[in-house]
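Undergrad: Submitted below is the structure of interest, expressed as structure tokens.
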Amino acid sequence: LKVMTAVECKAPGFFSDKQFDDPDDDGDWGTDTSKFSGDEISYALGKQGSTRKKLERASDCIIQYVGPVCVYSGFKKNRKRGKQYMKWLFAQLDGPVHIPDYKDRDDCTWIDVPQDTVGYITGSRRAALAQVEAEWGVFMFFANQERGERRSKETLLIFGSERNRKGAELKVCSSIETKNPGYLS
Numbered sequence: 013l014k015v016m017t018a019v020e021c022k023a024p025g026f027f028s029d030k031q032f033d034d035p036d037d038d039g040d041w042g043t044d045t046s047k048f049s050g051d052e053i054s055y056a057l058g059k060q061g062s063t064r065k066k067l068e069r070a071s072d073c074i075i076q077y078v079g080p081v082c083v084y085s086g087f088k089k090n091r092k093r094g095k096q097y098m099k100w101l102f103a104q105l106d107g108p109v110h111i112p113d114y115k116d117r118d119d120c121t122w123i124d125v126p127q128d129t130v131g132y133i134t135g136s137r138r139a140a141l142a143q144v145e146a147e148w149g150v151f152m153f154f155a156n157q158e159r160g161e162r163r164s165k166e167t168l169l170i171f172g173s174e175r176n177r178k179g180a181e182l183k184v185c186s187s188i189e190t191k192n193p194g195y196l197s
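Every position in the sequence shown, counted from 1, becomes a number in our numbering once 12 is added.
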């Protein structure tokens, strides 16, 4: 896929105009695709590919962009997660994301963060959150889990493997405790 991406840069349409999906593939390993517009691809890529890498590590699915086509390769459940994470990434542009079943997911950990600490955890232009995501290979965002009035806490969702989620969770809990001593302990 990296070679295909390089070729696509030199000869646009060489691969992206072809079909990647195998509709007859009923095995567990496979490839799925989705098509992006010009603005979407740069957002999904992120600075120096950081967003793509973050989603790739969190979903445990190979994610590569071949021209305007996003290619997801891996086991079926990992491809599904990769596509879902990508959908949530774009949904954040429209406002808070609501995920009703987050407590039932085996790829999600959540932390209630005090309202006055959300900015500290997020950092300037999301820098602190992005640093934790890069360090632990997770996908994190604040989700609006309750509709209506202003709350005293915001729910931070962490997606990825269990080990990586636990590392990110401990890092965030440490930051919460630094900002609000005694809140968790």
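Ideal Cβ positions, reconstructed from N, Cα and C, are used throughout, including at glycine.
In this text, all values refer to a predicted model and were calculated from it rather than measured experimentally.
Could you spell out the range, first to last residue, of the beta strand (DSSP E) harbouring leucine 57?
TA: Note, leucine 57: premise wrong, no beta strand (DSSP E); alpha helix (DSSP H) at 50-57.
Undergrad: Which residues in the same chain have their Cβ closer than 7 Å to the Cβ of threonine 17, if we skip the five residues on either side of it in sequence?
TA: Cβ within range, chain order: Gln76, Tyr77 and Val78.
Undergrad: Nearest by alpha-carbon distance to glutamine 104: which of Val125, Phe153, Ala139 and Cys73 is it?
TA: With distances taken between Cα atoms, glutamine 104 lies closest to Phe153.
Undergrad: Ordered along the chain, which non-local residues of its own chain (more than five positions away) have a Cβ less than 8 Å from that of arginine 93?
TA: Contacts found: Ala70, Ser71, Asp72, Cys73, Asp119 and Phe171.
Undergrad: Quick one: which unbroken alpha helix (DSSP H) runs of 4-plus residues sit fully inside the segment 136-161? Chain order, please.
TA: Listed in chain order, they are 139-148.
Undergrad: Locate the beta strand (DSSP E) running through phenylalanine 171, then write down its first and last residues.
TA: Where phenylalanine 171 is concerned, the enclosing beta strand (DSSP E) stretches over 165-171.
Undergrad: Just the C-alpha distance for proline 9 and serine 28, rounded to the nearest angstrom, thanks.
TA: Residue 9 falls outside the range modelled here, since the chain spans only 13 to 197, and no answer is possible.
Undergrad: Using the rule of at least 16 other Cβ atoms within 10 Å of the residue's Cβ for burial, across every protein chain shown, is arginine 177 buried or exposed?
TA: Counting Cβ neighbours within 10 Å, arginine 177 comes out buried, since at least 16 surround it.
Undergrad: Quick check: the Cα distance between phenylalanine 87 and cysteine 185, rounded to an integer number of angstroms?
TA: Near 32 Å, if we compare the C-alpha coordinates of cysteine 185 and phenylalanine 87.
Undergrad: How would you call arginine 137, buried or exposed, if buried means at least 16 neighbouring beta carbons within 10 angstroms?
TA: It is exposed - the Cβ of arginine 137 has fewer than 16 other Cβ atoms within 10 Å.
Undergrad: Jot down the residue ranges of each uninterrupted alpha helix (DSSP H) in the segment 65-111, minimum 4 residues, whole runs only, in chain order.
TA: Whole alpha helix (DSSP H) segments, 4+ residues: 88-103.
Undergrad: If contacts are defined as beta-carbon pairs under 8 Å, then threonine 167 and aspartate 124 qualify, I think. What distance do you get, rounded to the angstrom?
TA: About 6 Å separates the two Cβ atoms, so the contact holds.
Undergrad: Report the partner residues of aspartate 124 according to the DSSP bridge assignment.
TA: In the DSSP output, where bridge partners are listed per residue, aspartate 124 has Thr167.
Undergrad: Could you spell out the range, first to last residue, of the alpha helix (DSSP H) harbouring threonine 190?
TA: Per DSSP, threonine 190 belongs to the alpha helix (DSSP H) from 174-191.
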